[in-house]
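Structure, as structure tokens:
2 protein chains.
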Amino acid sequence: MSYTYEYPRPALTVDCVVFGLDDDDLKVLLIRRGVEPFAGRWALPGGFVRMEESLDDAARRELEEESGVRPGHLEQLYTFGTPGRDPRGRVVTVAYFALVKLSDHVPHASTDAREAAWFSVWDTPKLAFDHADVLGTALQRLKGKVRYQPIGFELLPPKFTLTQLQRLYEVVLERELDKRNFRKKILAMDLLEELDEVEQDVSHRAARLYRFDHKKYKQLEKAGFNFEL
Amino acid sequence: MSYTYEYPRPALTVDCVVFGLDDDDLKVLLIRRGVEPFAGRWALPGGFVRMEESLDDAARRELEEESGVRPGHLEQLYTFGTPGRDPRGRVVTVAYFALVKLSDHVPHASTDAREAAWFSVWDTPKLAFDHADVLGTALQRLKGKVRYQPIGFELLPPKFTLTQLQRLYEVVLERELDKRNFRKKILAMDLLEELDEVEQDVSHRAARLYRFDHKKYKQLEKAGFNFEL
DNA sequence: CCAAAAGTGTTGGTCGTACACCCATGT
DNA sequence: ACATGGGTGTACGACCAACACTTTTGG
Chain Y
6 MSYTYEYPRP ALTVDCVVFG LDDDDLKVLL IRRGVEPFAG RWALPGGFVR
56 MEESLDDAAR RELEEESGVR PGHLEQLYTF GTPGRDPRGR VVTVAYFALV
106 KLSDHVPHAS TDAREAAWFS VWDTPKLAFD HADVLGTALQ RLKGKVRYQP
156 IGFELLPPKF TLTQLQRLYE VVLERELDKR NFRKKILAMD LLEELDEVEQ
206 DVSHRAARLY RFDHKKYKQL EKAGFNFEL
Chain G
6 MSYTYEYPRP ALTVDCVVFG LDDDDLKVLL IRRGVEPFAG RWALPGGFVR
56 MEESLDDAAR RELEEESGVR PGHLEQLYTF GTPGRDPRGR VVTVAYFALV
106 KLSDHVPHAS TDAREAAWFS VWDTPKLAFD HADVLGTALQ RLKGKVRYQP
156 IGFELLPPKF TLTQLQRLYE VVLERELDKR NFRKKILAMD LLEELDEVEQ
206 DVSHRAARLY RFDHKKYKQL EKAGFNFEL
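Read top to bottom, the protein sequences are chains Y and G.
The first sequence runs 6 to 234 under my numbering.
The second sequence runs 6 to 234 under my numbering.
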């Protein structure tokens with residue numbers, strides 16, 4: 006009980022980088038700050054960690070409170086603690102990385118007093134604190150991770166076309182993929198359930214819909230299977 | 006200045022998982038705790054973050070203070086903050102992951118009053134706090150990272166044989182590799198400088214020594230080259 | 001009938017894997 | 001001479017990349 010308290014403590018926050026996919030634009034969720042420092046600037050959703058909650062819980066709570074978002078995927082990203090990153094004093098932030106289906110969250114969603122909005126990750130306003138660094142780190146992580154873990158599906162609606170899936174990878178990886186090779190590879194993994202439905206309201210041939218089979222993935226994963234690109 | 010201080014703050018520590026390679030055993034550096042809680046138990050080196058230092062600096066300082074080790078590679082691993090992980094109260098720890106050349110640090114090194122020792126990662130004593138989880142996470146990271154980033158070299162002496170290098174990968178990845186294929190692949194990357202020297206004091210044909218070419222790696226990396234297994 | 005996107009196979013090259021013997025050195 | 005590890009090449013199959021036309025649907 007004793008010497009834990011001999012030292013002054015940094016303040017501890019969580020911040021969340023929430024990605025969403027809007028057709029073929031990758032978006033990030035930002036909140037406009039109401040108070041100093043950086044009042045009026047856009048920032049990542051986040052806030053102080055409470056004494057009785059885990060870091061993951063804190064991230065989820067702040068996200069819900071500030072934007073009403075409940076992410077399909079949430080993982081710890083990196084902890085930023087350079088002295089001076091917050092003008093109020095020493096503040097260390099545990100950054101999180103989250104993916105949501107934009108279809109579940111009205112574009113330009115906002116809840117309470119605070120203003121929340123989705124911005125293209127390639128064209129964000131100037132961010133508060135070191136949040137541009139945090140966003141950059143999150144983008145790298147997304148790019149790296151999407152290739153060897155099937156988390157991309159968290160960005161799509163439950164039923165999607167192969168073209169939508171391909172677009173997702175093209176947007177995230179920032180390069181074009183070959184349609185035939187992409188389909189061959191993804192279907193060969195046997196992780197997609199082919200539905201007897203097609204997309205609606207398009208003015209051309211409608212594409213078949215697929216659904217990601219989480220159960221099958223978990224089985225294959227246990228059996229030593231590795232998802233890749 | 007105001008509301009940063011409205012909340013009670015968790016204490017913040019850093020802990021380091023330091024790996025070393027002893028012939029063909031992977032070792033981790035542990036410190037025996039002198040004080041409660043967990044007095045007498047072995048634990049990862051670490052301690053409280055000071056108000057004016059970055060997290061990386063804190064990790065390096067604690068490592069130096071507690072064991073005299075200056076790692077060749079140091080990176081942030083994960084932040085552990087489950088309430089209850091420290092019986093003294095809420096303590097959040099930023100875990101680091103480090104690699105050292107055991108040749109630089111006398112086996113079973115220790116410096117000041119504290120007892121420090123290297124243990125086989127497959128056979129550690131019962132650890133304090135949640136340090137067994139931290140170690141497990143670090144092992145996973147090492148296994149994952151060693152394949153697509155040339156960090157393994159930080160575990161070897163500056164001059165090494167191809168067999169030593171292969172052993173390293175076998176130990177870390179926990180599987181045997183084919184000698185001819187391994188050599189073919191690693192030499193094809195053109196990252197090793199072939200020296201005009203051989204190992205000494207062996208009772209059989211002496212193997213040629215190689216050195217990792219950091220400069221060449223950085224060049225190739227810029228040019229879009231990706232190290233892989 | 002035109003526009004727009006869906007859907008579909010083959011080929012050549014590269015890369016990974018499996019595999020066994022002779023050589024150099026020290027005792 | 002023997003024991004110990006050092007060093008080397010080939011063949012087969014799997015996977016990747018490149019590439020173009022026909023089909024369906026709505027307007």
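Every residue gets a Cβ at the ideal spot worked out from N, C-alpha and C, and that includes glycine.
Lysine 32(G) - DSSP class collapsed to helix/strand/coil: Taking the first residue of the second sequence as position 1, residue 32(G) is located at position 27. Lysine 32(G): strand per DSSP, three-state reduction.
For a test of the three-state rule: what should DSSP assign to tyrosine 12(Y), helix, strand or coil? In the first sequence, the residue the question calls residue 12(Y) occupies position 7. The answer is coil: DSSP assigns tyrosine 12(Y) none of H, G, I, E or B.
Could you please give the first and the last residue of the uninterrupted alpha helix (DSSP H) stretch that includes glutamine 145(Y)? Here residue 145(Y) is taken as the residue at index 140 of the first sequence, counted from 1. Note, glutamine 145(Y): alpha helix (DSSP H), 136 to 150.
Any contact of the region 221 to 233 of chain Y with the region 69 to 85 of chain G, i.e. 3+ C-beta pairs under 8 Å? no
DSSP state of arginine 216(G) mapped onto helix, strand, coil: As a working mapping, residue 216(G) is identified with position 211 in the second sequence. The answer is strand: DSSP assigns arginine 216(G) an E or B state.
What residue from Val177(Y), His209(Y) and Gln171(Y) has the CA that sits closest to leucine 192(Y)'s CA? In the first sequence, the residue the question calls residue 192(Y) occupies position 187. Ranking Val177(Y), His209(Y) and Gln171(Y) by Cα distance to leucine 192(Y) puts Gln171(Y) first.
Which residues mark the beginning and the end of the beta strand (DSSP E) in which valine 99(G) is found? Locating residue 99(G) in the second sequence gives position 94, where the first residue counts as 1. Counting along the chain, the beta strand (DSSP E) containing valine 99(G) begins and ends at 96 to 104.
Three-state secondary structure assigned by DSSP to tyrosine 83(Y): Looking up residue 83(Y) in the first sequence gives position 78. Residue state, collapsed to three classes: strand.
Do valine 22(Y) and alanine 103(Y) have their beta-carbon atoms positioned less than 8 Å apart in this structure? Numbered from 1 along the first sequence, position 98 holds the residue referred to as residue 103(Y). Numbered from 1 along the first sequence, position 17 holds the residue referred to as residue 22(Y). Yes. Within cutoff.
Assign arginine 65(Y) to one of three DSSP states: helix, strand, or coil. Mapped onto the first sequence, residue 65(Y) falls at position 60. Three-state result, arginine 65(Y): helix.
Tryptophan 123(Y) and aspartate 27(Y): beta carbons closer than 8 Å? Against the first sequence, residue 123(Y) aligns to sequence position 118. Against the first sequence, residue 27(Y) aligns to sequence position 22. Cβ atoms of tryptophan 123(Y) and aspartate 27(Y): closer than 8 Å.
Is valine 40(Y) buried or exposed, if buried means 16 or more other CB atoms sit within 10 Å of its CB? For this step, residue 40(Y) is matched to residue 35 along the first sequence. Looking at its Cβ environment, which holds fewer than 16 other Cβ atoms inside 10 Å, valine 40(Y) is exposed.
In the DSSP output, which residue or residues are listed as bridge partners for arginine 37(G)? Sequence index remark: in the second sequence, residue 37(G) carries index 32 (1-based). DSSP output for arginine 37(G) lists Trp47(G) and Glu120(G) as bridge partner(s).
So glutamate 2(Y) is in the alpha helix (DSSP H); what residue range does that whole segment cover? In the structure as shown, chain Y starts at 6 and stops at 234, and residue 2(Y) therefore has no counterpart that could be examined.
Determine, using beta carbons only, whether tyrosine 174(G) and leucine 196(G) come nearer to each other than 8 Å. The residue labelled residue 174(G) in the question sits at position 169 within the second sequence. The residue labelled residue 196(G) in the question sits at position 191 within the second sequence. No; because the gap between Cβ atoms is not below 8 Å, this pair is not in contact.
Could you confirm whether any beta carbon from chain Y is found closer than 8 Å to the beta carbon of arginine 14(G)? The count along the second sequence starts at 1 and reaches residue 14(G) at position 9. Answer yes: the Cβ-Cβ gap between arginine 14(G) and chain Y drops below 8 Å somewhere.
Burial state of glycine 141(G), where buried means 16 or more other Cβ atoms lie within 10 Å: Reading the second sequence from its first residue, position 136 is the one you call residue 141(G). By the neighbour-count rule (16 or more Cβ atoms within 10 Å), glycine 141(G) is not buried but exposed.
For serine 125(Y), which of helix, strand or coil comes out of DSSP? Reading the first sequence from its first residue, position 120 is the one you call residue 125(Y). Strand, per DSSP.
On the CB-based measure, 16 or more other CB atoms within 10 Å of its CB, does tryptophan 127(Y) come out buried or exposed? To locate residue 127(Y), count along the first sequence from 1; it is residue 122. Classification for tryptophan 127(Y): exposed.
Based on the DSSP secondary-structure assignment, which residues constitute the bridge partners of glycine 25(Y)? For the purposes of this step, residue 25(Y) is identified with residue 20 of the first sequence, where counting begins at 1. For glycine 25(Y), which the question treats as bridged, DSSP gives the partners Lys32(Y).
Proximal residues to glutamate 120(G) (C-beta, below 6 Å), its chain only, five neighbours per side dropped: Taking the second sequence and counting its residues from 1, the one referred to as residue 120(G) is at position 115. Cβ neighbours of glutamate 120(G) beyond the five flanking positions: Arg37.
Okay, do the region 136 to 155 of chain G and the region 62 to 71 of chain G touch, 3+ Cβ pairs below 8 Å being the bar? no
Where does glutamine 169(G) land, buried or exposed, given buried means 16+ other C-beta within 10 angstroms? Here residue 169(G) corresponds to residue number 164 of the second sequence, with the count starting at 1. Buried.
I'd like the span of the alpha helix (DSSP H) that includes leucine 192(G), first residue to last. Numbered from its first residue, the second sequence carries residue 192(G) at position 187. Start and end: 184 to 193.
For histidine 136(G), is the classification buried or exposed, using 16 other Cβ atoms within 10 angstroms of its Cβ as the cut-off for buried? The residue given as residue 136(G) occupies position 131 in the second sequence. Under this definition histidine 136(G) is a buried residue.
Identify, in the order they occur along the chain, each residue of the same chain with its Cβ nearer than 6 Å to the Cβ of glutamate 198(Y), setting aside the five sequence neighbours on each side. Here the question's residue 198(Y) lines up with position 193 in the first sequence. The answer, listed in chain order, is Arg216 and Asp218.
Let me check understanding here. Comparing Cα to Cα, which of His110(Y), Pro92(Y) and Leu214(Y) lies closest to lysine 34(Y)? Taking the first sequence and counting its residues from 1, one reaches residue 34(Y) at position 29. According to the sequence shown, residue 34(Y) is leucine rather than lysine. Ranking the options by Cα distance to leucine 34(Y), first place goes to His110(Y).
Around the Cβ of glycine 52(G), are there at least 16 other Cβ atoms within 10 angstroms (buried) or fewer (exposed)? In the second sequence, residue 52(G) corresponds to position 47, counting from 1. By the 10 Å Cβ count, glycine 52(G) comes out buried.
Quickly, what does DSSP pair leucine 17(G) with across the bridge? List them, please. Taking the first residue of the second sequence as position 1, residue 17(G) is located at position 12. Looking at the DSSP assignment, leucine 17(G) forms a beta bridge with Val97(G).
Leucine 200(Y) lies in the beta strand (DSSP E); which residues open and close that run? On the first sequence, residue 200(Y) is found 195 positions in, with the first residue counted as 1. Element bounds for leucine 200(Y): 197 to 203.
Based on the DSSP secondary-structure assignment, which residues constitute the bridge partners of glycine 259(Y)? This structure cannot speak to residue 259(Y), because chain Y is shown only from 6 to 234.
Please list the residues of the region 52 to 83 of chain G that have a C-beta atom closer than 8 Å to any C-beta atom in chain Y, keeping them in chain order. Phe53, Val54, Arg55, Met56, Glu57, Glu58, Ser59, Leu60, Gln81 and Tyr83
Integer-rounded CB distance, given that serine 59(Y) should sit under 8 Å from glycine 94(G): For the purposes of this step, residue 94(G) is taken as residue 89 along the second sequence, with counting starting at 1. For the purposes of this step, residue 59(Y) is taken as residue 54 along the first sequence, with counting starting at 1. That pair is no contact at about 15 Å.
Using a Cβ cut-off of 8 Å, which residues of the region 15 to 28 of chain G contact any Cβ in chain Y, in chain order? Pro15, Ala16 and Leu17
Quick one: Cα of leucine 49(Y) to Cα of threonine 98(Y), how far? One-based indexing of the first sequence puts residue 49(Y) at position 44. One-based indexing of the first sequence puts residue 98(Y) at position 93. Looking at the two C-alpha atoms, the distance is approximately 11 Å.
Return the residue from the list Pro88(Y), Thr129(Y), Leu31(Y) and Gln205(Y) that minimises the CA-CA distance to leucine 160(Y). Looking up residue 160(Y) in the first sequence gives position 155. Of the listed residues, the one whose Cα sits closest to leucine 160(Y) is Leu31(Y).
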